[in-house]
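Accompanying notes for the structure given below.
Numbering (our numbering), first residue to last: 2 to 107.
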């Protein structure tokens, strides 16, 4: 079981670690009584953090059991979507690149 956390590519790298941490906790709090969440939290609670573009972000909203986070310091824009852990995700998740810091932050 994995929890996917999708960060918009427009999110500055300096914000990304904190946003991902908040997303994980917010998702847990929202779904803490869900059977999949209970199974995940009793294991090693794997998380996958990916960088997605705006279109991928919008498409991911069609998936069930998620929470969307906004960031006050970025004009309350939607910046992240976290998914209640599950065994199987739709095919689109296979193609999302893992998040890593970019080299040229302004």
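No residue lacks a Cβ here, since even glycine has one placed at the ideal position from N, Cα and C.
Spatially closest choice to residue i from the options, by CA coordinates
i: residue 4; options: 15, 13, 77 and 50; result: 50
i: residue 95; options: 78, 53 and 104; result: 53
i: residue 79; options: 86, 91 and 61; result: 61
i: residue 7; options: 88, 47, 74 and 69; result: 69
i: residue 20; options: 43, 31, 71 and 56; result: 71
First through last residue of the alpha helix (DSSP H) which encompasses residue i
i: residue 19; result: 17-32
i: residue 40; result: 36-42
C-beta contact flag for residue i and residue j at 7 Å
i: residue 101; j: residue 58; result: no
i: residue 24; j: residue 81; result: yes
i: residue 88; j: residue 2; result: yes
i: residue 114; j: residue 86; result: Residue coverage of the chain in this structure runs from 2 to 107, which leaves residue 114 outside it and unanswerable.
i: residue 46; j: residue 67; result: no
Beta-ladder partner(s) of residue i, from DSSP
i: residue 104; result: Paired residues: none, contrary to the question.
i: residue 9; result: 53
i: residue 45; result: Partner(s): none; residue 45 has no beta bridge.
i: residue 3; result: 47 and 87
Endpoints, the beta strand (DSSP E) within which residue i is located
i: residue 68; result: 67-72
i: residue 83; result: 78-84
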